[in-house]
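J.: Residue numbers (the working numbering), protein chains in the order written: chain A, 7 to 227; chain B, 7 to 227. Let me give you the structure first, and then I'll get to my questions.
There are 2 protein chains.
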Amino acid sequence: MITKILIAEDHESANISVQKTLEELGITDIAYAYYCDDALNRIIQAVKAGSSFDLLITDLSFEPDGHKQTLANGMELITAARKEQPDLNVLVFSAENRPTVIEQLYNNYEIDGFVRKARNDARELKEAIHEIGRHRRYFPRHISQLIDKKNTYSFSDVDITIIQLLAQGTLQKDIPVYLQRKGITPSGLSSIEKKLNHMKSVLGFTKNEQLVAYCKDIGAI
Amino acid sequence: MITKILIAEDHESANISVQKTLEELGITDIAYAYYCDDALNRIIQAVKAGSSFDLLITDLSFEPDGHKQTLANGMELITAARKEQPDLNVLVFSAENRPTVIEQLYNNYEIDGFVRKARNDARELKEAIHEIGRHRRYFPRHISQLIDKKNTYSFSDVDITIIQLLAQGTLQKDIPVYLQRKGITPSGLSSIEKKLNHMKSVLGFTKNEQLVAYCKDIGAI
DNA sequence: TACCAGATTACGGTTTTCCGTAAAAAATGG
DNA sequence: CCATTTTTTACGGAAAACCGTAATCTGGTA
Numbered sequence: 007m008i009t010k011i012l013i014a015e016d017h018e019s020a021n022i023s024v025q026k027t028l029e030e031l032g033i034t035d036i037a038y039a040y041y042c043d044d045a046l047n048r049i050i051q052a053v054k055a056g057s058s059f060d061l062l063i064t065d066l067s068f069e070p071d072g073h074k075q076t077l078a079n080g081m082e083l084i085t086a087a088r089k090e091q092p093d094l095n096v097l098v099f100s101a102e103n104r105p106t107v108i109e110q111l112y113n114n115y116e117i118d119g120f121v122r123k124a125r126n127d128a129r130e131l132k133e134a135i136h137e138i139g140r141h142r143r144y145f146p147r148h149i150s151q152l153i154d155k156k157n158t159y160s161f162s163d164v165d166i167t168i169i170q171l172l173a174q175g176t177l178q179k180d181i182p183v184y185l186q187r188k189g190i191t192p193s194g195l196s197s198i199e200k201k202l203n204h205m206k207s208v209l210g211f212t213k214n215e216q217l218v219a220y221c222k223d224i225g226a227i
Numbered sequence: 007m008i009t010k011i012l013i014a015e016d017h018e019s020a021n022i023s024v025q026k027t028l029e030e031l032g033i034t035d036i037a038y039a040y041y042c043d044d045a046l047n048r049i050i051q052a053v054k055a056g057s058s059f060d061l062l063i064t065d066l067s068f069e070p071d072g073h074k075q076t077l078a079n080g081m082e083l084i085t086a087a088r089k090e091q092p093d094l095n096v097l098v099f100s101a102e103n104r105p106t107v108i109e110q111l112y113n114n115y116e117i118d119g120f121v122r123k124a125r126n127d128a129r130e131l132k133e134a135i136h137e138i139g140r141h142r143r144y145f146p147r148h149i150s151q152l153i154d155k156k157n158t159y160s161f162s163d164v165d166i167t168i169i170q171l172l173a174q175g176t177l178q179k180d181i182p183v184y185l186q187r188k189g190i191t192p193s194g195l196s197s198i199e200k201k202l203n204h205m206k207s208v209l210g211f212t213k214n215e216q217l218v219a220y221c222k223d224i225g226a227i
């Protein structure tokens with residue numbers, strides 16, 4: 007059963023509406039934070055006091071506003087929080103809608119639920135909390151639809167290096183010298199062309215710009 | 007004095023938080039709509055009944071969800087609403103942060119206030135409503151900061167469209183037909199080259215891949 | 001109407017990328 | 001060691017992007 011919840015959300019209005027939604031569920035033990043660092047501190051304090059949180063509801067993007075923060079975003083908060091309290095349930099509440107990013111949250115960050123800020127988000131929040139309370143992960147239908155058609159490619163280090171160079175403005179024909187300088191083989195221009203062609207064909211792309219966009223999406227570069 | 011307010015906002019959670027914020031201001035006569043068309047109908051009905059709204063609080067982007075809508079977004083709603091009730095006060099509540107778009111809202115759509123969905127948005131909403139109640143326009147400080155921010159280039163809608171097409175794999179030479187199909191001018195290949203060159207030179211880039219990476223980073227695409 | 005200034009488009013030459021083929025080098029196996 | 005296969009590199013023609021210049025269109029003005 008979920009009774010004690012921490013909300014990490016920098017937008018005041020979103021924070022308010024989550025609180026209100028929780029109250030409608032009869033949950034009264036609510037703490038909230040506008041900064042990731044603040045959220046992590048509350049988790050640490052609660053663990054120390056022996057009254058840890060049952061659930062963390064967090065956004066992904068936190069806008070910098072001058073205050074120095076060690077945690078830059080929700081994903082870093084999740085990692086840090088789980089280090090302090092491994093059994094903490096995590097529900098992500100975000101406007102993110104890129105399937106690859108959401109998939110990463112479930113697979114790498116092992117979150118327990120994701121609710122997208124969208125039309126019926128308040129209702130979905132209630133459903134999600136209900137499910138998580140029954141020790142089930144909440145996986146919205148529209149997400150699984152998106153993720154099912156996944157054509158994922160696992161990039162090698164050299165692949166990433168090449169795409170990074172492109173994203174930095176390096177001409178394709180100049181990449182060989184960069185690779186040679188780092189002692190990376192193969193470094194021939196033809197090999198680079200071949201690697202790029204292979205990546206693009208696997209992912210169904212035709213242009214380098216698509217590769218750059220895709221790698222940005224999944225956080226590979 | 008503002009006593010009767012209509013909220014047009016498709017996100018349930020955002021809608022809730024605006025309602026709550028208004029209640030804290032002692033405003034009880036609140037109507038809300040999840041669709042632009044619905045919002046316009048309520049305005050029409052209220053005018054007919056001789057009990058028109060004092061203020062419309064509206065989002066800009068409304069996500070399509072199958073229901074056929076004649077009004078596609080908040081800007082169309084504003085235009086249509088003012089046609090029915092020219093003296094209607096309008097407050098835009100949106101995540102939009104492109105200075106040029108916000109400027110347009112003030113200049114072309116003659117809105118009375120803009121509050122960006124961000125850290126202190128609930129407090130700003132209260133301030134905005136207070137100001138508008140005193141027949142003053144509300145122009146948040148951070149907007150002017152954005153407008154005279156250097157280093158960052160403010161992308162126009164066409165700029166974004168072009169970069170999106172590139173990131174989708176469209177050949178540069180094929181972009182003109184896409185723009186023509188959408189009725190966007192200029193659509194000549196030379197104009198597109200010129201726009202891309204301008205963006206790149208302002209940002210210190212040399213390749214389109216850099217533009218795509220940059221726009222992904224700042225969330226412009 | 002005629003004219004001008006700015007915006008838009010068309011054009012041509014150069015550079016870069018794309019892509020198929022083939023030579024060279026390296027790894028594999030007996 | 002040689003023979004075979006795989007990987008890497010080199011080469012060349014075609015397509016696309018790049019870039020400067022010139023022609024055309026447009027809206028405003030006298």
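Each residue gets a CB set at the ideal place from its N, CA and C atoms; glycine is no exception. Since this is a predicted model, take the numbers as computed values, not measurements.
(1) Under 7 Å between beta-carbons, which chain A residues line up against residue 136(B)? List them in chain order, please.
(2) Using a cut-off of 8 Å between C-beta atoms, extract the partners of residue 183(B) located in chain A.
(3) Would you give the residue range spanned by the beta strand (DSSP E) that residue 160(B) belongs to?
(4) Tell me whether the beta-carbon of residue 18(A) lies closer than 8 Å to the beta-carbon of residue 126(B).
(5) For residue 35(B), which of helix, strand or coil comes out of DSSP?
(6) Can you list the residues of chain A that residue 172(B) reaches, using a CB-CB cut of under 8 Å?
(7) So residue 202(A) is in the alpha helix (DSSP H); what residue range does that whole segment cover?
(8) Comparing alpha-carbon positions, which option in 99(B), 129(B), 104(B) and 130(B) lies nearest residue 117(B)?
(9) Taking only the alpha-carbon atoms, compute the straight-line gap between residue 78(A) and residue 11(A) and give it to the nearest angstrom.
(10) Using a Cβ cut-off of 8 Å (strictly closer), state whether residue 22(A) contacts chain B.
(11) Return no unless some Cβ of chain B is closer than 8 Å to the Cβ of residue 126(A).
(12) Where does residue 66(A) sit, in a helix, a strand or coil, going by DSSP?
(13) Apart from the five residues just before and just after residue 170(A), which ones in its own chain have a Cβ nearer than 7 Å to its Cβ?
(14) Short of 8 Å in beta carbon distance, which residues of its chain neighbour residue 30(B), apart from the five on each side in sequence? Order them along the chain.
(15) Taking Cβ-Cβ distances shorter than 9 Å, what residues in chain B pair up with residue 123(A)?
(16) Which same chain residues end up closer than 7 Å to residue 154(B) when comparing Cβ atoms and leaving out the 5 residues on each side of it in sequence?
(17) Examine chain A for any beta-carbon lying closer than 8 Å to the beta-carbon of residue 165(B), and answer yes or no.
(18) With a 10 Å radius around its C-beta and 16 neighbouring C-beta atoms as the bar for buried, classify residue 177(A) as buried or exposed.
(19) Chain B beta carbons: is any one of them nearer than 8 Å to that of residue 129(A)?
(20) Grouping DSSP H, G and I as helix and E and B as strand, with all else coil, what is residue 56(B)?
(21) Rounded to a whole number of angstroms, what is the C-alpha to C-alpha distance between residue 223(B) and residue 222(A)?
(22) Please confirm if residue 175(B) has its CB atom under 8 Å from at least one CB of chain A.
(23) Does chain B have any CB closer than 8 Å to the CB of residue 218(A)?
(24) Tell me which residue opens and which closes the alpha helix (DSSP H) that residue 14(B) is part of.
(25) State the Cα-Cα distance for the pair residue 65(B) and residue 28(A), rounded to the nearest angstrom.
(26) Can you look up residue 111(A) in the DSSP assignment and give me helix, strand or coil?
(27) Please list the terminal residues of the continuous beta strand (DSSP E) segment that includes residue 97(A).
(28) If you follow the alpha helix (DSSP H) that residue 187(B) is part of, which residue opens it and which one closes it?
(29) Assign residue 92(A) to buried or exposed, taking buried as 16 or more other Cβ atoms, counted over all protein chains shown, within 10 Å of its Cβ.
(30) With DSSP as the reference, identify every bridge partner of residue 120(B), one or two as the case may be.
(31) Taking the straight line between their C-alpha atoms, what separation do you get for residue 180(B) and residue 202(A)?
(32) Throw me the rounded Cβ distance for the residue 190(A) and residue 167(A) pair, which I believe falls under 8 Å.
(33) Would you report the Cα separation of residue 49(A) and residue 207(A), rounded to the nearest angstrom?
(34) List, in chain order, every chain B residue whose beta-carbon is nearer than 9 Å to that of residue 223(A).
T.: If we stick to the structure as given:
(1) Near residue 136(B) there are no residues of chain A at all, since even the closest Cβ is about 16 Å away, more than 7 Å.
(2) The contact set of residue 183(B) on chain A, defined by CB atoms closer than 8 Å, is empty, because the minimum CB distance reaches about 17 Å.
(3) Note, residue 160(B): premise wrong, no beta strand (DSSP E); not H, not E.
(4) With a cutoff of 8 Å on beta-carbon distance, residue 18(A) and residue 126(B) are scored as near each other.
(5) Of the three classes helix, strand and coil, the one that applies to residue 35(B) here is strand, per DSSP.
(6) Chain order gives the chain A residues near residue 172(B) as 213 and 215, where near means a beta carbon separation below 8 Å.
(7) Looking at the DSSP string, the run of the alpha helix (DSSP H) that includes residue 202(A) is 195 to 209.
(8) It is 99(B) whose Cα lies nearest to the Cα of residue 117(B).
(9) Straight-line Cα distance between these residues: approximately 21 Å.
(10) Output row for residue 22(A): interface = yes.
(11) Closer than 8 Å to some Cβ of chain B, the Cβ of residue 126(A) qualifies, so yes.
(12) Note: residue 66(A) maps to coil in three-state DSSP.
(13) If we look at residue 170(A) and ignore the five residues flanking it on each side, its Cβ neighbours are 227.
(14) Around residue 30(B): 132.
(15) Within 9 Å Cβ-Cβ: 17, 19 and 20.
(16) At residue 154(B) the pLDDT is 46, less than 50, meaning the model places this residue with poor confidence and gives no usable figure here.
(17) Interface annotation, residue 165(B): not in contact with chain A, CB-CB separation never under 8 Å.
(18) A residue is called buried once 16 or more other Cβ atoms fall within 10 Å of its Cβ, and residue 177(A), having fewer, is exposed.
(19) Taking a beta-carbon distance threshold of 8 Å, residue 129(A) counts as an interface residue toward chain B.
(20) Residue 56(B): coil per DSSP, three-state reduction.
(21) C-alpha separation (whole angstroms): 7 Å.
(22) At least one chain A Cβ lies under 8 Å of residue 175(B).
(23) True, the Cβ-Cβ gap to chain B drops below 8 Å.
(24) No alpha helix (DSSP H) contains residue 14(B), which is instead part of the beta strand (DSSP E) from 10 to 14.
(25) Distance from the CA atom of residue 65(B) to the CA atom of residue 28(A), rounded to whole angstroms, is 24 Å.
(26) It is helical.
(27) Per DSSP, residue 97(A) belongs to the beta strand (DSSP E) from 95 to 100.
(28) Looking at the DSSP string, the run of the alpha helix (DSSP H) that includes residue 187(B) is 181 to 187.
(29) Classification of residue 92(A): exposed, given that the 10 Å Cβ count is below 16.
(30) Looking at the DSSP assignment, residue 120(B) forms a beta bridge with 98(B).
(31) For residue 180(B) and residue 202(A), the distance between alpha carbons rounds to 22 Å.
(32) The pair is a contact, with the Cβ atoms about 7 Å apart (cut-off 8 Å).
(33) Their Cα atoms are separated by approximately 46 Å.
(34) Those within 9 Å of residue 223(A) in chain B are 222.
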